[in-house]
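2 protein chains.
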Amino acid sequence: MSQSQTRALVLFSGGQDSTTCLAWALHNYDYVETVGFNYGQRHVAELECRTNILGRLRNEYCYSEEKLGQDHMLDFQTLYQISDTALTSGAEIKMTERGLPSTFVPGRNLLFFTLASAIAYRRGFSAVIGGMCETDFSGYPDCRRDVLNDLQAAVSGGMDYPIEFVTPLMYKTKAETWKLAFDLEGGDFIELIKNDTHTCYKGDRSALHLWGYGCGECPACLIRKEGYEQYIAASNSK
Amino acid sequence: MSQSQTRALVLFSGGQDSTTCLAWALHNYDYVETVGFNYGQRHVAELECRTNILGRLRNEYCYSEEKLGQDHMLDFQTLYQISDTALTSGAEIKMTERGLPSTFVPGRNLLFFTLASAIAYRRGFSAVIGGMCETDFSGYPDCRRDVLNDLQAAVSGGMDYPIEFVTPLMYKTKAETWKLAFDLEGGDFIELIKNDTHTCYKGDRSALHLWGYGCGECPACLIRKEGYEQYIAASNSK
């Protein structure tokens, strides 16, 4: 391992955004590893997706172990335990007003970044890459760049180790994220995103639509579907 | 539950510092709950201590459920998993230079504060209290107040909920922490701290010294022992 190599750890859930981020990282860093979190709930479908995607990147896209290294899978049942913590009536109303599910654990992305940073520290990496985006979806305040800047300062100071939180999708629309995937790896990669990534809140993988699997009705499916339609419309108009 | 009540969640490990913080919180907030983390390793001794201490505060110090409420015990094996993550040789040297054990997970206190904040959010609390101290022990950079200020900004922004990280011991010497315990709850509480709190890195509880249980040789025992001796010397000189 050369000290001049650029190395990054990608927060990789198996969704569209983190898969696109992973492709982006493979084009922008010498060496990349991935980290995922298992915390029960709906994410079982995503966890299966991530194994498939990593396998296809290695086999069909020929990313060797020297380029796409170890996948770190962390159990994080603590999140599940917190989401079971009884709400006071005051907090419950506040959450309903915000339109977030009552099982939502606030600051979840802060925890993902901090845990990933601990691995990055131990592995000698200088960057953690995440697919957070403040353009399409404002329901989760911990996706905002100013929040991640504060966290980056806290983690760099708290580990006494400079670490960069890189968020290539932060200011992109979902249509632009579809286009980025195409630009990075071509049309077959768009098919991989459709077939192998998972976004649907309900875990619905019963039917394949033009934009991929999903219920087509939850907020995540709607954003993905509309983004795809806008991406196709923009491509056709050129 | 009145909305004008001041309510805080205390990071409570069963050690000297967090036990003193808990007493401080009971004197400074209307209602207090506690949170602890189980992540294997040496902390089994501390976890037994915390149950004993909470029981004694309820029974002997007569703190009712309306004052000292629920104890949240979170499993956090993720830390253990990260400490098992292979180190690159570069990172390993860096850690040895710092004098921290190679199993140390950097940023651990950031994770504790962020997880506690998620519970505080759900319970409608405005403060998380921790016994971090930058005076006596500089080995852990995530105990520093400037780091916690950055994290407080990240968590408040990331949860869209203002939360305060309160660290009453931050600038105290260990002798002053012993004195604070006395000032808050009297001489019997000093005996409780000696008998029922745990600090020793090695988990040694084989012999009771003047300053409590412990091996007497690890950094944590030395700080506790010297702090006690300074506290007694200062008390006698008055």
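Going down the list, the sequences are from chains F and V. Residue numbering for the first sequence follows this note's numbering, starting at 1 and increasing by one per position. Residue numbering for the second sequence follows this note's numbering, starting at 239 and increasing by one per position. No residue lacks a Cβ here, since even glycine has one placed at the ideal position from N, Cα and C.
If I measure Cβ to Cβ from V:Asn387 and keep anything under 7 angstroms in the same chain, skipping five residues before and after, which residues do I get? Setting aside the 5 residues that flank it on each side, V:Asn387 has no residue in the same chain whose C-beta is closer than 7 angstroms to its C-beta.
What are the residues that DSSP puts in a beta bridge with F:Phe104? Beta-bridge partners assigned by DSSP to F:Phe104: none are found.
Cβ-Cβ distance between V:Leu247 and V:Val404 below 7 angstroms: no
Against F:His72, what residues of chain V qualify as contacts under a CB-to-CB distance less than 9 angstroms, listed in chain order? Result: Gln319, Ile320, Thr323.
Cβ of V:Leu306 within 7 angstroms of any chain F Cβ: no
Closer than 7 angstroms, CB to CB, is V:Tyr359 near chain F or not? yes
Is the shortest distance between the beta-carbon of F:Ala153 and the beta-carbons of chain V less than 7 angstroms? yes
Of the choices F:Thr78, F:Gly124, F:Gly36, whose alpha-carbon is the least far from that of V:His310? The shortest Cα separation from V:His310 among F:Thr78, F:Gly124, F:Gly36 belongs to F:Thr78.
Own chain partners of F:Leu26 with C-beta closer than 7 angstroms, once the 5 adjacent residues on each side are dropped: Val32, Tyr63, Lys67, Leu68
If you drop the 5 nearest sequence neighbours on each side, which residues of the same chain put their C-beta closer than 7 angstroms to that of V:Gln323? Note that residue 323 of chain V is Thr in the sequence shown, not Gln. Excluding positions up to five away in sequence, the list is empty.
First and last residue of the beta strand (DSSP E) that includes V:Gly369? Unbroken run through V:Gly369: none, as it is neither H nor E.
F:Leu169, DSSP secondary structure in three states: coil
For the beta strand (DSSP E) holding V:Gly424, just list the boundary residues, first then last. First-last for V:Gly424: undefined, no H or E at that position.
Range covered by the alpha helix (DSSP H) that runs through F:Leu22: 16 to 28
Check whether the segment 164 to 179 of chain F and the segment 425 to 444 of chain V are in contact - that is, three or more C-beta pairs closer than 8 angstroms. no
Between the CA atoms of V:Thr272 and F:Asn236 - distance to the nearest angstrom: 59 angstroms
Who are the near neighbours of V:Thr257 in its chain, counting only those whose CB is closer than 7 angstroms to its CB and skipping five residues on each side? Ile291, Ile431, Thr435
Thinking C-beta only, is F:Leu110 closer than 7 angstroms to V:Thr352? yes
Cβ-based burial, F:Ala220 [other Cβ within 10 Å; buried from 16]: Burial call: buried.
Secondary structure at F:Arg7, three-state DSSP: helix, strand or coil? strand
From the beta carbon of F:Ser4, is the nearest beta carbon of chain V less than 7 angstroms away? no
Rounded to whole angstroms, what's the CA-CA distance from V:Glu372 to V:Val385? Just pull it up for me. 11 angstroms
Can you list the residues of chain F that V:Gly274 reaches, using a CB-CB cut of under 7 angstroms? What V:Gly274 touches in chain F: nothing, since even the nearest Cβ is about 12 angstroms away.
Report yes if the C-beta distance between V:Glu284 and V:Gly252 is below 7 angstroms; otherwise report no. yes
On the three-state DSSP scale, how would you describe V:Leu306? Residue state, collapsed to three classes: strand.
Residue nearest to V:Arg382 in terms of C-alpha spacing, selected from F:Ala116, F:Asn28, F:Asp160: F:Asp160
As a quick exercise: from F:Gly55, F:Gly157, F:His209, F:Leu22, pick the residue whose alpha carbon is nearest that of F:Tyr228. F:His209
Identity of the residue in F:Arg108, F:Cys200, F:Ala181, F:Asp30 nearest F:Leu11 by Cα: Ranking the options by Cα distance to F:Leu11, first place goes to F:Arg108.
Close beta carbons around F:Tyr121, own chain, < 8 angstroms, minus the five adjacent residues each side: Met159, Tyr161, Ile163
Looking at chain A, which residues of the segment 255 to 271 of chain V have a Cβ within less than 7 angstroms of any of its Cβ atoms? No chain A appears in the structure shown, which is made up of the protein chains F and V.
To the nearest angstrom, how far is it from the Cα of V:Arg462 to the Cα of V:Phe427? 16 angstroms
With DSSP as the reference, identify every bridge partner of V:Met311, one or two as the case may be. V:Gly274
What does the alpha-carbon distance come out to for the pair F:Asn28 and V:Cys438? 46 angstroms
DSSP state of F:Glu60, grouped into three classes? coil
Member of V:Asp313, V:Phe275, V:Trp262, V:Leu312 whose CA lies at the smallest distance from the CA of V:Leu295: V:Trp262
Neighbourhood of F:Phe37 by C-beta, 7 angstroms cutoff - its chain only, sequence neighbours within 5 removed: So the list reads Leu74, Phe76, Phe112, once near-sequence residues are dropped.
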